[in-house]
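In what follows, a structure is listed as structure tokens, so that the remarks can point back to it.
In the working numbering, the protein residues as written are 544 to 1221.
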């Protein structure tokens, strides 16, 4: 045989090895072929080829091995057990750029599967190999090494900390400055995998000076690089206020808001995540987002028409809804700003049209953050008829546990502030018991507030020592300190006495849940006319009620009219007929001063009535008094959008209509009786 024939045999064997390696690599692309090749002991056949003397054979064998390991974790475990790992690490440090790339592909495919395998690679020196290759001049080698670092760091904070301790971050920052897009993309992804775990790791990323380069890459036209850069910024900003401020100081606004309208769904989603992670940190950062137009930019995504796959993993509505919840949760003013942009209507549309539990949970949580501040916020929620939908989701067996919890919390926070009866009424029939209790509590509030409008000035209390047994009243010594200060010339002292008084009815305030509404003070109302010798006492009681209501009169004319008509009653002016048609307050006051009941009651009102008589104007303290006696009632009045004079007029109308009454005959009826000529 000639030498040519002998060499031909070696060439054929070399071609066969190369063909075998290439064929295995091609077959390994299909996951369904992996199990068949595993049963054929493919690793035993590839093991000698990994250390072949021909570089092309080693390269193809490494690629085939990497694809097999990538598709099956059992092959990765078998590869480690067969002792191929040291051979691969040796090839990575001594081969050419193609061999290095192939070996790095095998190593990162092993690290991909779980933390245990990644830890084995780190202990075997694989992390040092990645760092060594990050310093290579070949961009393809840098890319593969950065990819491997990301696969190691993503598993746990311990693995990420090990990467940081080995000095990976400065090399990744250099990769961000490379002109090759793929290198920038993979390096940015690795930075995200490191920064996402803890605040300390994110601080290490910031200390390495990486944040400005991430913001700079947002101006690149590549969609994937934008998406990865936004993900890295979100991973940094989510941990603390300080890190969020670092991201903001990198001049991320308004660039990030512009990316909310990017055509790529992934870019929109990550941009919304950045806004969310910044807004949740503090009210100051949230205000910065709002001032930059963040609410409008977020609503643009929510208001976009639904696509064919609205529940895809790249749906940007989820972080947008969550971001709005964080904005509204910081303060009542920011929540009102969110409401003013018609956000509630948009959220209602999602709640009625979506079937994704995660998105529905986010919407329910955002609604709770908007409506929890005050009745005005809850009214904006209730006006969209959203409570019934929340109840349906809460009772639906298809809803997840998290969704039910979010719906319950939203109903609780909103209903505790809601005073809109039209929104509460349907829940009386449909709400479960755990929700119905909040509805009934609000009905108690509404009814008490309505009565408080008409009884706000009735701040009178029975003496502590007044005891009622059957039809007997035991009056012990009562000293009116307030009156004595005004009129020290006379002291009202009623010695202990017992009187038989029939038909006594005591109206006491209804008992309601505490902290819902201030209790109305008890009123002692006498049903029928008393005996002849106690008529003066009854007249005093009626007059006492009238004058208590006069304190809330909004106009001098109304005040004069009530007193004048009251004086025209036969119960008061049987002997003073000439005062029936007096029209001046001075004369009315003069009349009262002549009555025997002056010392018993009228003295304590003299200062107030004289002030009205002298000034001829309404005192400005009425709304302040209402605020003092019943602040919740003032909230009800303000919701009507009335000015101060209209609110005062409404109070007077309620007082005159409802509170000047006794059971048999009301003071209003007495005042309204026509004048009779005697």
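All C-beta atoms, glycine included, are put in the ideal place defined by N, C-alpha and C.
The beta carbons of residue 568 and residue 601 sit no closer together than 9 Å.
If you check the CB distance, residue 830 and residue 800 do not come in under 9 Å. In terms of Cβ geometry, residue 769 and residue 802 form a close pair [threshold 9 Å].
Residue 1182 places its beta carbon 9 Å or farther from that of residue 988. Burial of residue 868 is indicated by the presence of at least 16 other C-beta atoms within 10 angstroms of its C-beta.
The three-state reading of DSSP puts residue 974 in coil, since its state is none of H, G, I, E or B. Shown here, residue 1185 sits in coil according to DSSP, grouped into three states, outside any helix or strand. Note on geometry: alpha-carbon atoms of residue 678 and residue 619 lie some 27 Å from one another. The Cβ atoms of residue 623 and residue 654 lie no closer than 9 Å to each other. DSSP places residue 965 in the helix class (H, G or I) of the three-state scheme. Secondary structure note for residue 955: its alpha helix (DSSP H) is the uninterrupted segment 944 to 958.
Scanning the stretch 545 to 583 from its first residue to its last, no whole beta strand (DSSP E) run of 3-plus residues comes out. Assignment of residue 891 by DSSP, reduced to helix, strand and coil, places it in the helix class.
When DSSP states are grouped into helix, strand and coil, residue 701 belongs to the helix group. With fewer than 16 other beta carbons inside 10 angstroms of its own, residue 583 counts as exposed. Residue 747 sits in a helix when the DSSP states are folded into three classes.
Rounded to the nearest angstrom, the Cβ distance from residue 748 to residue 686 is 20 Å, too far for a contact under 8 Å.
Distance from residue 786 to residue 772 at the Cβ level is roughly 16 Å; contact not present, criterion being Cβ atoms closer than 8 Å. Between the alpha carbons of residue 570 and residue 898 lies a gap of roughly 41 Å. By the CB criterion at 9 Å, residue 881 and residue 838 fall inside the cutoff. In terms of CA proximity to residue 589, 608 leads the group 608, 576, 575, 579. In the DSSP annotation of this structure, the continuous segment of the alpha helix (DSSP H) that includes residue 736 starts and ends at 724 to 738. When only Cα atoms are considered, residue 908 and residue 953 end up about 6 Å apart. For the pair residue 1190 and residue 807, the Cα-to-Cα distance works out to about 54 Å. Contact check for residue 781 against residue 820 passes: the beta carbons are separated by less than 9 Å. Between the C-alpha atoms of residue 811 and residue 627 there is a straight-line separation of about 44 Å. Note on residue 912: 16 or more other CB atoms within 10 angstroms of its CB, so buried under the neighbour-count rule. Residues 937 of the same chain have their beta carbon placed closer than 7 Å to that of residue 947, with the five preceding and five following residues left out of the count. Each residue's CA atom was taken as its position, placing residue 960 and residue 1177 some 14 Å apart. Put simply, of 658, 1174, 879, 632 the residue whose alpha carbon is nearest the alpha carbon of residue 833 is 879. Rounded to whole angstroms, residue 957 and residue 974 show a C-alpha spacing of 14 Å. Counting other Cβ atoms within 10 Å of its Cβ, residue 559 stays below 16 and is therefore classed as exposed.
Shown here, residue 928 sits in coil according to DSSP, grouped into three states, outside any helix or strand. In summary, residue 610 is buried, with 16 or more beta-carbon neighbours lying within 10 Å of its beta-carbon over all protein chains present. With respect to residue 935, residue 951 sits apart: the two C-beta atoms are not nearer than 9 Å. Relative to the Cα of residue 674, the nearest Cα in the group 643, 660, 656, 701 belongs to 643.
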